[in-house]
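Structure first, commentary second.
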Amino acid sequence: MDHLKAKIRHVPDFPKKGILFYDITTLLSDARGFADTIDALAAPYMGEDIDQVVGIESRGFILGAAVANALGSGFIPIRKPGKLPSLTHKESYNLEYGTDALEIHQDACPTDHRILIVDDVLATGGTARAAIDLVRKVGGKVIGAAFLIELDFLNGRAKLEGEPVYSVLRY
Ligand code: AMP
């Protein structure tokens, strides 16, 4: 996986001083890098009968939609507040840099559908925690939460204790 790591750009002090931003645009613009990224994210879930992949706005949309296609699953967006047009459920959470909230459509999936959550980075775990809670709120069964990058030093896994977390690259 070192060839994937080599294509990720590290941007210091973005979006705030003290944050090292893992910029995946340099990975996604490389055809081989993009394909290998999606293969690596999808591989553990082949044969898991995933009904829908949930992608978290906005980089989770890029990865999640491609993973859904690889798995033959549908796609469900989890978005920032005010973006989804129909009735929603909402969860607030803390970010590595600030606070925010996420929403899902109340009728996003039928009860007990097998759901895989996908995002680019697992940092403090607040975003993923909110996404898992939202999926359960609409009746989905969380089969996995998959990340391209996990920042071990922020200990996001602690917030996801007992949840089925998988990450391709760890720092
Ligand atoms: P967290 O809720 O702290 O786990 O943050 C995860 C979310 O914030 C993901 O959707 C990431 O896209 C974004 N994020 C947090 N920290 C970083 C980072 N250092 N580099 C890039 N994206 C980040």
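FYI, the numbering for the sequence shown is 1088 to 1258, going by my numbering.
Every residue gets a Cβ at the ideal spot worked out from N, C-alpha and C, and that includes glycine.
Note that the structure is a prediction, hence the values are computed from the model and not measured.
Where does residue i land, buried or exposed, given buried means 16+ other C-beta within 10 angstroms?
{"i": "residue 1118", "result": "exposed"}
{"i": "residue 1200", "result": "buried"}
{"i": "residue 1175", "result": "buried"}
{"i": "residue 1164", "result": "buried"}
{"i": "residue 1147", "result": "buried"}
{"i": "residue 1246", "result": "buried"}
{"i": "residue 1122", "result": "exposed"}
{"i": "residue 1182", "result": "exposed"}
{"i": "residue 1206", "result": "buried"}
{"i": "residue 1173", "result": "exposed"}
{"i": "residue 1248", "result": "exposed"}
{"i": "residue 1096", "result": "exposed"}
{"i": "residue 1254", "result": "buried"}
From the options, pick the residue whose C-alpha is nearest to that of residue i; which is it?
{"i": "residue 1228", "options": "1246, 1211 and 1141", "result": "1141"}
{"i": "residue 1232", "options": "1239, 1222, 1240 and 1241", "result": "1222"}
{"i": "residue 1242", "options": "1092, 1230, 1208 and 1173", "result": "1208"}
{"i": "residue 1094", "options": "1120, 1106, 1100 and 1102", "result": "1120"}
{"i": "residue 1058", "options": "1171, 1106 and 1138", "result": "Any question about residue 1058 goes unanswered here, given that the chain covers just 1088 to 1258."}
{"i": "residue 1219", "options": "1244, 1170 and 1160", "result": "1244"}
{"i": "residue 1213", "options": "1180, 1202 and 1239", "result": "1180"}
{"i": "residue 1115", "options": "1101, 1253 and 1150", "result": "1150"}
{"i": "residue 1171", "options": "1193, 1101, 1230 and 1198", "result": "1193"}
{"i": "residue 1072", "options": "1258, 1235 and 1091", "result": "What the structure shows of the chain is the stretch from 1088 to 1258, and residue 1072 is not part of that stretch, so it cannot be assessed."}
{"i": "residue 1230", "options": "1251, 1092, 1089 and 1195", "result": "1251"}
{"i": "residue 1157", "options": "1127, 1186, 1143 and 1240", "result": "1127"}
{"i": "residue 1217", "options": "1239, 1240, 1090 and 1186", "result": "1186"}
{"i": "residue 1143", "options": "1215, 1254, 1257 and 1240", "result": "1215"}
{"i": "residue 1086", "options": "1159, 1204, 1198 and 1155", "result": "With the chain covering 1088 to 1258 only, the question about residue 1086 has no answer from this structure."}
Please go through the same chain and pick out, in chain order, the residues whose beta-carbon is closer than 7 Å to the beta-carbon of residue i, but skip the five residues on each side of it.
{"i": "residue 1168", "result": "1177, 1188 and 1190"}
{"i": "residue 1099", "result": "1107"}
Looking only at its chain, what residues have a beta carbon closer than 6 Å to the beta carbon of residue i, apart from the 5 residues adjacent to it on each side?
{"i": "residue 1153", "result": "1125"}
{"i": "residue 1224", "result": "1176"}
{"i": "residue 1161", "result": "1139"}
{"i": "residue 1198", "result": "1226"}
Grab me the residues of residue i's own chain with a C-beta within less than 8 Å of its C-beta, minus the 5 sequence neighbours each way, in chain order.
{"i": "residue 1202", "result": "1137, 1138, 1139, 1140, 1141, 1163, 1196, 1222, 1227, 1228, 1229 and 1230"}
{"i": "residue 1239", "result": "1257 and 1258"}
(message) Taking 8 Å as the cut-off, does the stretch 1133-1142 touch the stretch 1104-1122 (at least 3 CB pairs, one atom from each stretch)?
(response) Contact fails between the stretch 1104-1122 and the stretch 1133-1142, because fewer than three Cβ pairs, one in each stretch, are under 8 Å apart.
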